[in-house]
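In our numbering, the protein residues as written are 14 to 141.
Have a look at the structure below before the remarks.
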């Protein structure tokens, strides 16, 4: 599981970098993922990340934080399940209306979250 957490961290940090450099491009590419029947694109990664965080918590630098994050990510997956694709689309539409500075601030948060996950799980990775 540590490798899965690190890969999710890389993807989240990478998406944050893309959104920092080009917010419009990021929003455009994110909106392409959510077709009317594809709420699962928002649910499955959240459930996988929540499971990976929970199972890797024991070997991370911050196990309690990982468990809390796992619960938060799982709750967000349930929220996506309840709101469906229309909820995801409305969040993206809301983000489109915001100034690019706000999108960049969210993106910096994404980079920080992804980097934190990598930092916290790094000692458990079988890479040395």
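Beta carbons are placed, not taken as given, at the ideal position from N, Cα and C, and that holds for glycine.
List the whole-angstrom C-beta distance separating residue i from residue j, where the pair is believed to meet the contact cut-off of C-beta under 8 Å.
| i | j | result |
| --- | --- | --- |
| residue 23 | residue 122 | Going by Cβ atoms, the distance from residue 23 to residue 122 rounds to 16 Å, so no, they are not a contact pair. |
| residue 134 | residue 69 | 6 Å |
Determine the closest residue to residue i out of the options, with distance taken between C-alpha atoms.
| i | options | result |
| --- | --- | --- |
| residue 85 | 103, 72, 73 and 60 | 60 |
| residue 17 | 45, 41 and 66 | 66 |
| residue 44 | 115, 137, 104 and 124 | 104 |
| residue 42 | 95, 64 and 106 | 106 |
| residue 83 | 124, 140 and 130 | 130 |
| residue 63 | 120, 114, 14 and 117 | 14 |
Pick helix, strand or coil for residue i, following the three-state DSSP scheme.
| i | result |
| --- | --- |
| residue 14 | coil |
| residue 76 | helix |
| residue 105 | helix |
| residue 140 | coil |
Does residue i get closer than 7 Å to chain C when you measure Cβ to Cβ?
| i | result |
| --- | --- |
| residue 31 | Protein chain content of the structure displayed is limited to a single chain, and chain C is not contained in it. |
Would the region 86-99 count as touching the region 29-37 if we require 3 or more Cβ pairs under 8 Å?
no
What ranges does the alpha helix (DSSP H) occupy inside the region 23-66, keeping only unbroken runs of at least 4 residues that lie completely in it?
36-46
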